[in-house]
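For reference, the structure is listed below as structure tokens.
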Amino acid sequence: MANDRLGLEGVFLEEELPLLIRRRGMADWHDGVVRILDRRALPHEERYVDCASVEEVARCIEDMVIQGAFSLSVAAGYGLALAAEPGVGNDDQGWAALQQGSDRLLKTRPTGLALHRMLKACLGAARTAIEQAESPRDSILATVDRAAAALARQGYQTGRTACELLADGATVLTHCFPDRSYAYMLVEARRVGKTINVIASETRPYLQGARLTSLCALQTGFDVKVITDGTGGSLMRRGQVDAFVTAADRVCMDGTVCNKVGTYQYALAAHANGLPYFVLRQSGPDVESADESAVEVEFRDGEEVVTIGGERTAPAGVGGLYPAFDCTPPELVTRIITDRGAFRAEEIAAYVDAEPFVRDAVV
């Protein structure tokens with residue numbers, strides 16, 4: 005039986021899953037602190053950071069200790085629980101502390117949708133607890149636990165659908181770390197005896213593809229190759245790629261896909277070479293984002309672009325420009341794969357009325 009905290013009872017044992025989609029590979033509540041796997045240390049070291057305050061969790065998110073839309077939403081939810089100290093919170097001052105904590109966490113990654121949804125749900129649960137003279141912290145923790153279990157079920161269903169769309173022996177190009185749905189796609193392929201070959205773009209400056217995407221494929225038992233960020237288009241043209249697959253930090257109601265910067269240029273290359281671009285977005289579109297104009301693209305410190313591993317690569321006095329995300333128009337997207345099925349990008353709004361796969365989903 006699977007670990008029930010994963011929400012996948014009877015499907016997988018947790019130790020059968022790649023590290024990054026196990027509970028300890030995301031974030032967890034541990035004896036009054038938020039314990040987060042430090043993804044910056046992977047693949048060479050498995051180490052953890054214990055956070056005892058909202059500010060410490062916020063800095064972990066900003067400093068890329070944890071990344072991936074859904075994983076960091078879990079970290080943020082547990083982080084908000086730190087603002088609700090035991091025995092405190094059932095008054096105006098306690099509620100103000102929760103709101104301040106939420107505001108701080110929201111500022112960490114303005115582009116991602118899952119974090120916003122998680123914090124909204126946690127604040128709602130805390131408010132109800134306060135009104136009923138119950139513990140806001142316990143209510144927040146229960147909300148995050150339910151959300152994390154629902155995310156696992158959604159991710160597995162999305163990954164299973166993606167696996168069905170790929171031919172046995174397909175070579176898949178990825179960009180950045182496509183999060184849990186990608187990992188479940190690989191796990192499901194292994195379960196049904198299908199082979200998937202992975203090509204991972206290194207994804208500068210934090211090298212999520214080289215460090216995380218490749219690790220997931222390796223731990224699932226599939227062949228994986230890492231390429232420089234400028235190589236994907238030429239491989240597509242040479243016929244060495246069968247599909248381009250990414251996650252999405254946000255999908256707009258018109259089918260626009262917001263994801264790690266660089267996604268747009270790969271989508272253009274896939275379109276030019278007649279290859280499908282599949283987007284893994286397990287919880288569907290953001291009903292409050294009609295189109296790209298509603299998306300705030302996060303700009304990170306340009307110094308991150310001119311350094312690698314703490315060593316400067318550009319001359320002193322040269323700055324960097326680092327928008328962390330870009331937006332890909334729907335005409336370049338073949339299918340948006342969700343827990344409710346695979347949709348044409350232009351028809352993703354139909355997700356809202358589709359039969360829910362997970363009825364207790366939060367983010």
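Read in order, the letters of the sequence shown correspond to residues 5 to 367 in our numbering.
Idealized CB from N, CA, C, for every residue including glycine.
Could you tell me whether the Cβ atoms of Gly-324 and Glu-308 are closer together than 8 Å? On the sequence shown, position 320 is the one that residue 324 refers to. On the sequence shown, position 304 is the one that residue 308 refers to. Contact flag set, yes.
Exposed or buried, what is Glu-192 when buried is set at 16 or more other beta-carbons lying within 10 Å of its beta-carbon? Position 188 of the sequence shown, counted from the first residue, corresponds to residue 192. Glu-192 is buried by the Cβ-count criterion.
Cross-strand partners of Ser-205 (DSSP beta bridge): On the sequence shown, position 201 is the one that residue 205 refers to. Answer is Ile-231.
Measure the CB-CB distance between Gly-83 and Val-61 and report whether it falls below 8 Å. Reading the sequence shown from its first residue, position 79 is the one you call residue 83. Reading the sequence shown from its first residue, position 57 is the one you call residue 61. Yes, the pair counts as a contact, with Cβ atoms nearer than the cut-off.
Under the three-state DSSP convention, the category Pro-47 falls into: Position 43 of the sequence shown, counted from the start, is the residue given in the question as residue 47. It is coil, neither helix nor strand.
Spatially closest choice to Gln-71 from Ile-312, Ala-252 and Ala-346, by CA coordinates: The sequence position of residue 71 within the sequence shown is 67, counting from 1. The option with the nearest alpha carbon to Gln-71 is Ala-252.
Does Val-356 get closer than 8 Å to chain C when you measure Cβ to Cβ? No chain C appears in this structure, which consists of one protein chain only.
Unbroken beta strand (DSSP E) run spanning Arg-28, endpoints: Residue 28 sits at position 24 when you count from the first residue of the sequence shown. Note, Arg-28: premise wrong, no beta strand (DSSP E); not H, not E.
When you compare only the Cα positions, how much space is there between Leu-17 and Glu-296? Counted from its first residue, the sequence shown places residue 17 at position 13. Counted from its first residue, the sequence shown places residue 296 at position 292. Going by the C-alpha atoms only, they are around 40 Å apart.
Do you know offhand how far Gly-345's Cα is from Cys-55's? Against the sequence shown, residue 345 aligns to sequence position 341. Against the sequence shown, residue 55 aligns to sequence position 51. One C-alpha to the other measures close to 37 Å.
Just curious, the beta strand (DSSP E) that Lys-264 is in, first and last residue? Reading the sequence shown from its first residue, position 260 is the one you call residue 264. Lys-264 -> beta strand (DSSP E) spans 261–264.
Pro-327 by DSSP, collapsed to three states: which one? Position 323 of the sequence shown, counted from the start, is the residue given in the question as residue 327. Here Pro-327 sits in strand by DSSP.
In whole angstroms, what separates the C-alpha of Phe-329 from that of Asp-67? The residue labelled residue 329 in the question sits at position 325 within the sequence shown. The residue labelled residue 67 in the question sits at position 63 within the sequence shown. Cα-Cα distance, rounded: 16 Å.
Looking at the strands, I want to know which residues DSSP matches up with Arg-63. For the purposes of this step, residue 63 is identified with residue 59 of the sequence shown, where counting begins at 1. According to DSSP, Arg-63 bridges with nothing at all.
Mind checking whether Val-283 and Val-337 have CB atoms under 8 Å apart? The residue you call residue 283 lines up with position 279 of the sequence shown. The residue you call residue 337 lines up with position 333 of the sequence shown. Yes, Cβ-Cβ distance for Val-283 and Val-337 is below 8 Å.
Excluding sequence positions up to five away, which residues of its chain have a Cβ less than 7 Å from the Cβ of Lys-198? For the purposes of this step, residue 198 is identified with residue 194 of the sequence shown, where counting begins at 1. Taken in chain order, the residues that qualify are Cys-167 and Asp-172.
Determine contact between the stretch 252–261 and the stretch 207–217, defined as no fewer than three beta-carbon pairs at a distance below 8 Å. no
Which full runs of the alpha helix (DSSP H) of 4+ residues lie inside the stretch 135–195, going along the chain? 140–169
In angstroms with no decimal places, state the Cα-to-Cα distance between Gly-116 and Ala-137. Position 112 of the sequence shown, counted from the start, is the residue given in the question as residue 116. Position 133 of the sequence shown, counted from the start, is the residue given in the question as residue 137. One C-alpha to the other measures close to 33 Å.
Cβ atoms of Leu-102 and Ala-88: under 8 Å apart, would you say? For this step, residue 88 is matched to residue 84 along the sequence shown. For this step, residue 102 is matched to residue 98 along the sequence shown. Going by C-beta atoms, Ala-88 is nearer than 8 Å to Leu-102.
Between the stretch 142–150 and the stretch 123–130, are three or more C-beta pairs nearer than 8 Å? yes
Find out if the Cβ-Cβ distance for the pair Glu-59, Arg-27 is shorter than 8 Å. Residue 59 sits at position 55 when you count from the first residue of the sequence shown. Residue 27 sits at position 23 when you count from the first residue of the sequence shown. Not closer than 8 Å, so no.
Which term fits His-48, buried or exposed, when burial requires 16 or more other beta carbons within 10 angstroms of its beta carbon? Locating residue 48 in the sequence shown gives position 44, counting from the first residue. With fewer than 16 other Cβ atoms within 10 Å, it is exposed.
Fully enclosed by the stretch 235–298, which alpha helix (DSSP H) runs are 4 residues long or longer? 236–241 and 267–276
Any idea if Glu-206 is buried or exposed, counting beta-carbon neighbours within 10 angstroms, 16 or more meaning buried? Sequence index remark: in the sequence shown, residue 206 carries index 202 (1-based). Buried, because 16 or more other Cβ atoms sit within 10 Å of the Cβ of Glu-206.
Bridge partners - Gly-345, DSSP secondary structure assignment: Within the sequence shown, the letter at position 341 stands for residue 345. BP columns for Gly-345 point to Thr-342.
Local conformation of Pro-22 per DSSP, three classes: Position 18 of the sequence shown, counting from 1, holds the residue named residue 22. Pro-22: coil per DSSP, three-state reduction.
For Thr-311, name the three-state secondary structure that DSSP assigns. Along the sequence shown, read from residue 1 onward, the residue named residue 311 stands at position 307. Looking at Thr-311 - three-state DSSP - the assignment turns out to be strand.
With distance defined between alpha-carbon atoms, name the residue in Thr-165, Ala-85, Ala-349 and Asp-233 nearest to Ala-294. Counting from one through the sequence shown, the residue named residue 294 turns up at place 290. Checked all of Thr-165, Ala-85, Ala-349 and Asp-233; the closest Cα to Ala-294 is Ala-349.
The ligand MG heavy atom lying under 7 Å from the CB of Val-356: With respect to the ligand MG, the structure shown offers nothing to examine, as it has no ligands at all.
Would the beta-carbon of Ala-73 fall within 8 Å of that of Asp-183? Working through the sequence shown from its first residue, we reach residue 73 at position 69. Working through the sequence shown from its first residue, we reach residue 183 at position 179. Their beta carbons are under 8 Å apart, which means Ala-73 touches Asp-183 by this criterion.
Which same chain residues, not among the five before or five after Gly-159, have their C-beta less than 6 Å away from its C-beta? Looking up residue 159 in the sequence shown gives position 155. Counting only Cβ-Cβ distances below 6 Å, and skipping sequence neighbours, we find Arg-184, Ser-185, Tyr-188 and Gln-286.
Count the other CB atoms, across all protein chains shown, that sit within 10 Å of the CB of Ile-312; report buried if there are 16 or more and exposed otherwise. Residue 312 sits at position 308 when you count from the first residue of the sequence shown. So Ile-312 counts as exposed.
Rounded distance between the beta-carbons of Thr-260 and Thr-332, thought under 8 Å: Taking the first residue of the sequence shown as position 1, residue 332 is located at position 328. Taking the first residue of the sequence shown as position 1, residue 260 is located at position 256. Right, the Cβ-Cβ distance comes to about 7 Å (below 8 Å), so this counts as a contact.
Tell me, please, which residues DSSP counts as bridged to Leu-41. The residue given as residue 41 occupies position 37 in the sequence shown. Answer by DSSP bridge pairing, in chain order: Tyr-52.
Find the nearest neighbour of Leu-24 within the set Asp-258, Thr-267, Thr-317 and Glu-50, judged by alpha-carbon distance. Stepping through the sequence shown from its first residue, residue 24 is reached at position 20. Of the listed residues, the one whose Cα sits closest to Leu-24 is Glu-50.
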